[in-house]
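Residue 665 in my numbering sits at position 52 of the sequence shown, and the numbers go up by one each step. Ideal placement from N, C-alpha and C gives every residue a C-beta, glycine not left out. So the structure is just underneath, and the comments pick up after that.
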Amino acid sequence: MAEQIKKIHIGPAKCAVDLGDGSERGEYVNQDYILHTLGRPHRAINLMYCYYPLDKEWPGRISEVMKNADVSFQWDYPYDDYFPYLGGLNGNTEGEPFTFMRDVRRHGQDVCLTLTIDPNVSDEHLIAIAKDLRPFGRVMMRINHEATGNWFSFTKRTSYQGVADFYVRFHKIIKEYAPNVSTVLCAGTYDERTGRIEMEDEFKEAFLATDYWSIDKYISLHWGWPFDIAERGGNSHSRAYPDDVFESARKTFDRLKEVNGGAGKPMVMSELNADGDVVGPYDQAEIITEFCNLVKNEKADWLNGFTLYQFRDRGRLGLEIEDPNNPDVGIPQPEMAAYKEIIHDEYFYPTITEEAEVQFPVKMRWGGFEDSDGIEIPLHFDCNPTFCEITFEEELNLMMEINGKWFYKSPKAKTIDFMSAFYEKPLKGECDLTLKIFAPPASGENDPSQGEDWDINYYSEITKMPNIRIRFEPTELKAK
């Protein structure tokens, strides 16, 4: 078997899928639970934080600091009700969001950090944030998103031109101090009346500077949550249609290409969903399926990826609704099954290609879920197994895939049971499968001692063949 082990490369999907995990509407859910529930990692996990260190209430979460305030809208507090970013100037990387960033990365995913920031902070604050992010690999940094709106605090502290100028200033600092970080600009969308992007002149330099273009687009949304109920005739919710949202995104990309002299950049939809408060749970599942079918059937190669907002929500804007009795418990919605089918579709799934045969010891490179080198081990199955497990002597941090399902192994874990890969997809007879193994960083951070490319790649070595136990009947058979 050792002579048949091959090096493999995992590369980009036609359209990447990312996932929101935690926001003003829900708490962070650990990656072990999400992986077991959905069966595969995402390209990136979106974490939503804010940084307003010049305010007297900082670093408290504003809805907790001002819990008795007379507020009738989610964004009426002095600053945005996201979790506080506890790094930056005079901060540290021991708390949030870094504990969650490490969890995300050790489970084989990149971090997309959404950060709303007071545009009046000095360069010293921005340099400190960039230095915070340097060890975390290929971070996607979403700075002051929905920048042409009027609800976030940063838009009330300067002009829209000031918001755009701040974005360019922070982008330049990131490129100097954390070149591994890619910036994501979520600003205006295409306006049919003018044939231009909303506030195109103000944000032109930002559109030219950024690494990614982005829009947030909900096919339905109840923005009055949690202060009112979406009822017919109300004015705090809306419903669009998947084809309209798809066309809006496409036209935004096309116009941005014109603004950029005809050259495209990666385009993402950084928040996408249909709100069950407006359409109910069944239409919610149908709508997101219809949108993804449009992307697939139209072969929308202009769309680099989208982020489903979000995994667990206190309202009805998640794959799960948070149990009001216990925030650690989620109640799956019909959208969960629909989304799971979407992300296992070939169009939204990374490509895995075989390369040369290798022998132990093998050096593996982790860049991210869509750019890494691992190994695959061929396995023969006489029929659907009764036992299928793997045991390692080495303390390795691994992501493994078999029969379409992914598994995580922490360094301290010895044996991983693969049988859940055969519950939903039992084998119908004799067949050959491959076990794919990749090695993201165990600490969640890259290692500066590994070489010049340390901030975008992490290297691990597996020195020996693990023990793989496969059996096709119970240990003891039924008595006759």
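So what does DSSP say about residue i, is it helix, strand or coil?
i     : result
G943  : strand
A819  : helix
N917  : strand
F1005 : coil
A743  : helix
M614  : Interpretation of M614 is limited by its pLDDT of 43, a score under 50 that renders its predicted location unreliable; the figure taken from the coordinates is listed afterwards. Coil, per DSSP.
T768  : helix
P691  : coil
K669  : coil
G889  : helix
N659  : strand
H738  : helix
M753  : strand
V684  : coil
P991  : strand
V794  : coil
Y664  : strand
F1051 : strand
A760  : coil
D896  : helix
L1090 : coil
L907  : helix
For residue i, count neighbouring Cβ atoms within 10 angstroms of its own Cβ and tell me buried if that reaches 16, exposed if not.
i     : result
N1080 : exposed
M614  : Only weak support exists for where M614 lies, its pLDDT of 43 falling under 50; the value from the coordinates is given anyway. Exposed, by the Cβ-count rule.
W764  : exposed
E1008 : exposed
M1078 : exposed
F973  : exposed
F1085 : exposed
C628  : buried
P1061 : exposed
D683  : exposed
Q923  : buried
Y831  : buried
N1010 : buried
L834  : buried
N703  : exposed
R929  : buried
P940  : exposed
S735  : exposed
S1073 : buried
E989  : buried
Q946  : buried
C1044 : exposed
K1038 : exposed
F840  : exposed
N659  : buried
Need the endpoints of the alpha helix (DSSP H) that residue i sits in, please.
i    : result
T650 : 644–651
R863 : 855–872
V678 : 675–678
In the DSSP assignment, what are the bridge partners of residue i?
i     : result
F1020 : M1013
Y803  : I810
R978  : D986, Y1072
T902  : Paired residue(s): none; T902 is not in a bridge.
C996  : DSSP output for C996 lists no bridge partner at all.
M949  : None, per the DSSP bridge assignment.
S567  : With the chain running from 614 to 1093 in the structure shown, residue 567 is simply not present.
E884  : D829
F696  : Y662
S636  : G639
To the nearest whole angstrom, what separates the beta carbons of residue i and residue j, a pair I think is in contact under 8 Å?
i     : j     : result
F1035 : C1001 : 7 Å
H758  : T727  : 6 Å
L1164 : L632  : Look at the range of the chain in this structure, 614 to 1093, and you will see that residue 1164 is not part of it.
Q687  : E640  : No, Q687 and E640 are not in contact; Cβ-Cβ is about 16 Å, not under 8 Å.
V971  : K619  : 7 Å
P666  : G701  : 6 Å
Do residue i and the ligand MG come close, with the Cβ less than 6 Å from some heavy atom?
i    : result
T796 : The ligand MG is absent from the structure shown, which contains no ligands of any kind.
What are the boundary residues of the beta strand (DSSP E) that includes residue i?
i     : result
M714  : M714 -> not in any beta strand (DSSP E); alpha helix (DSSP H) instead, spanning 711–719.
N1080 : 1080–1084
R782  : Segment 773–790 is the alpha helix (DSSP H) holding R782; no beta strand (DSSP E) there.
G965  : The displayed chain sequence assigns Ile, not Gly, to residue 965. Taken as a continuous stretch (DSSP letters only), the beta strand (DSSP E) holding I965 covers 964–970.
H835  : 825–835
K620  : 619–624
D631  : 629–633
T727  : 723–730
D936  : 933–936
I1029 : 1028–1030
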